[in-house]
Amino acid sequence: MQELTHWINGQHVKGSSGRMADIYNPATGEVQAKVPLATADELRAAVAKAAEAQKAWGATNPQRRARVMMKFGQLINEHMDELAELVSREHGKTLPDGRGDVQRGLEVVEVCMGGPSLLKGEFTDNGGPGIDLYSMRQPLGVVAGITPFNFPAMIPLWKMAPALTCGNAMILKPSERCPSTSLRLAELLKEAGLPDGVLQVVNGDKEVVDAILDDETVQAVGFVGSTPIAQYIYGRAANNGKRAQCFGGAKNHMIIMPDADMDKAADALVGAGFGAAGERCMAISVAVPVGEETANALRERLIPRVENLKVGPYTAGDDVDYGPVITSAAKERIEGLVNKGVEEGADLAVDGRNFKLQGYENGFFVGPSYFDHVSPDMTIYKEEIFGPVLCQVRAASYDEALKITMDNEYGNGTAIFTADGDTARDFAHRVNVGMVGINFPIPVPLSYHTFGGWKKSAFGDLNQYGPDAFRFYTKTKTVTARWFSGIKDGGEFNFKAMD
Ligand code: NAD
13 MQELTHWING QHVKGSSGRM ADIYNPATGE VQAKVPLATA DELRAAVAKA AEAQKAWGAT
73 NPQRRARVMM KFGQLINEHM DELAELVSRE HGKTLPDGRG DVQRGLEVVE VCMGGPSLLK
133 GEFTDNGGPG IDLYSMRQPL GVVAGITPFN FPAMIPLWKM APALTCGNAM ILKPSERCPS
193 TSLRLAELLK EAGLPDGVLQ VVNGDKEVVD AILDDETVQA VGFVGSTPIA QYIYGRAANN
253 GKRAQCFGGA KNHMIIMPDA DMDKAADALV GAGFGAAGER CMAISVAVPV GEETANALRE
313 RLIPRVENLK VGPYTAGDDV DYGPVITSAA KERIEGLVNK GVEEGADLAV DGRNFKLQGY
373 ENGFFVGPSY FDHVSPDMTI YKEEIFGPVL CQVRAASYDE ALKITMDNEY GNGTAIFTAD
433 GDTARDFAHR VNVGMVGINF PIPVPLSYHT FGGWKKSAFG DLNQYGPDAF RFYTKTKTVT
493 ARWFSGIKDG GEFNFKAMD
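If you're matching positions, the sequence shown starts at 13 in our numbering and goes up one per residue.
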């Protein structure tokens with residue numbers, strides 16, 4: 013049984029708490045490794061070392077820090093297959109999806125290679141008589157990243173790359189379900205030239221998270237996870253005077269207009285609804301066709317596509333559309349919600365319950381389910397299912413579809429499929445959701461834009477990656493400078509005392 017470690021001061025360090033969490037192979041249900049759960053004392057020691065290491069790192073010129081990111085990017089590329097396998101082994105997603113997980117993180121590292129441009133300050137020449145103003149961006153000191161299980165490479169990279177490029181030291185607390193990728197990325201960062209102690213990976217659960225939130229040295233917390241935890245972390249961090257940006261759950265709607273290409277819309281829905289077993293914060297979990305004809309046409313196309321989805325372990329290669337969910341508890345919760353949907357009167361057009369995969373009977377596989385005639389008062393509509401379940405809510409008009417989307421408490425992503433530019437434009441302008449796709453089902457913005465939801469999908473200020481991350485991980489200092497007239501008014505030739 014592999015026993016994982018923490019990563020402290022550039023080395024693997026065994027946990028000393030005596031507490032461990034099991035890491036499962038989600039395809040077989042077997043425990044494949046154990047991860048130590050740190051105590052508050054272990055966290056405080058890691059923070060103290062990080063604070064020491066940050067002094068020199070923060071004083072290193074930005075271009076040298078960016079060069080570490082250049083080398084890091086090169087190493088991620090060289091180790092792409094290994095990292096993707098590490099992601100899939102603990103998470104269960106397919107290998108191409110694992111590669112995507114690494115790739116979308118790598119793209120943020122690529123933007124950080126040009127970090128000095130984003131760290132430049134501002135200057136006002138002659139803001140008053142003989143007065144200039146300039147502002148500079150300085151690192152915060154020690155910051156923390158707390159990340160979820162569903163993107164074991166991408167989200168830790170979204171946290172660490174901008175934070176470190178800005179000159180901070182980071183305490184990274186990855187998900188205890190999938191910590192190995194973060195540990196491997198820390199090794200690669202050391203190889204890339206990051207000084208020891210600047211990135212500390214501290215594994216753990218609530219105990220260590222609370223210690224981070226209460227630690228006076230930690231200046232900022234970047235969190236990604238479920239909404240109740242995001243809200244809790246935001247409140248406790250802010251109460252302790254820290255900067256916090258906490259990204260939460262989602263219920264992403266896709267509106268399908270009568271003029272949309274129905275085949276393309278159905279293809280987009282199966283990919284965005286069931287890819288990664290629906291365990292994506294940008295998954296489409298609600299289809300909102302406009303008009304009965306559109307709903308029927310979509311249903312007709314979705315049923316065979318959903319029924320034909322291939323579910324299996326990542327080791328089965330290209331023959332698999334999606335893998336198992338993360339734990340047996342997640343499987344039970346998802347299947348419980350499908351039962352609830354049936355009880356509450358939704359029309360289960362494809363039933364994924366009682367799915368069994370030969371040879372993997374103990375794996376956490378969940379068959380794909382597709383509900384039609386779902387209404388907004390049902391539990392399956394209100395809760396984030398985070399599994400391979402697509403709900404269809406029928407709307408009579410565009411305005412009703414827009415209202416349904418806007419009334420939902422989450423606001424991470426949304427999409428519209430239509431052939432009409434005017435409708436698409438109206439939707440993008442009016443909808444109260446942070447990321448919008450037009451004929452594009454999973455609109456995760458590119459790394460030089462920025463990622464963030466609205467409403468209960470995000471608490472705090474500023475988005476992840478892109479220019480916003482450089483604002484979040486730095487504080488601004490503004491200098492007003494006046495130099496009194498001196499030597500330029502004329503040379504002095506007399507030998508004078510310095511009075
Ligand atoms: P989670 O909230 O259970 O865990 C996230 C992190 O918080 C983990 O590191 C975990 O150890 C820690 N944590 C869990 N319970 C805690 C507690 N009581 N106190 C303190 N810390 C705690 O989330 P998850 O199940 O790992 O991830 C799935 C969720 O993340 C989904 O809701 C998904 O929508 C969301 N998510 C959101 C985004 C986004 O950008 N908005 C991206 C990815 C995932």
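Cβ coordinates follow ideal geometry from the N, Cα and C atoms, glycine included. Since the structure is predicted, the reported quantities are computational estimates derived from the model, not experimental observations.
1. For Asp105, verify whether its CB is less than 6 Å away from any heavy atom of ligand 1.
2. Let me make sure I understand the geometry here. Which of Val233, Gly283, Asn73, Gly85 has the alpha-carbon closest to that of Arg12?
3. With a 10 Å radius around its C-beta and 16 neighbouring C-beta atoms as the bar for buried, classify Met172 as buried or exposed.
4. Rounded to a whole number of angstroms, what is the C-alpha to C-alpha distance between Met390 and Glu412?
5. Let me check you understand the geometry: is the CB of Val114 closer than 6 Å to at least one non-hydrogen atom of ligand 1?
6. Below 6 Å CB to CB, which residues in the same chain sit around Ile20 once its five sequence neighbours on both sides are set aside?
7. Do you know how far the Cα of Val302 is from the Cα of Leu414?
8. Along the chain, where does the beta strand (DSSP E) that runs through Pro301 open and close?
9. Measure from the alpha carbon of Ile241 to the alpha carbon of each residue in Ser469, Lys500, Val491, then state which is nearest.
10. Give the range of the alpha helix (DSSP H) segment to which Asn89 is assigned.
11. Tell me whether Ile241, by its Cβ, gets closer than 6 Å to a heavy atom of ligand 1.
12. Please find out if some non-hydrogen atom of ligand 2 comes closer than 6 Å to the beta-carbon of Ser381.
13. Can you say whether Lys394 is buried or exposed, counting buried as having 16 or more other CB atoms within 10 angstroms of its CB?
14. Does the beta-carbon of Asn444 have 16 or more other beta-carbons within 10 angstroms, so that it is buried, or is it exposed?
15. For the alpha helix (DSSP H) that Pro108 lies in, which residues bound it at each end?
16. Per DSSP, what are the beta-bridge partners of Pro388 in this structure?
17. Say yes only if the C-beta of Ser238 is nearer than 6 Å to one or more non-hydrogen atoms of ligand 1, and no if none qualify.
18. Just to confirm, are Val43 and Ala33 a CB contact at a threshold of 7 Å?
19. Can you tell me which of the three DSSP states Leu169 falls into?
20. State yes or no: is the C-beta of Phe259 nearer than 6 Å to some heavy atom of ligand 1?
Straight from the coordinates:
1. The question names Asp, but residue 105 is Lys in the sequence shown. For ligand 1, not one heavy atom lies less than 6 Å from the Cβ of Lys105.
2. In the structure as shown, the chain starts at 13 and stops at 511, and residue 12 therefore has no counterpart that could be examined.
3. buried
4. 17 Å
5. no
6. Ala58, Gln212
7. 10 Å
8. 296-301
9. Ser469
10. 74-90
11. yes
12. With respect to ligand 2, the structure offers nothing, as its ligand set consists of ligand 1.
13. exposed
14. exposed
15. 107-125
16. Looking at the DSSP assignment, Pro388 forms no beta bridge with any residue, so it has no partner.
17. yes
18. no
19. helix
20. yes
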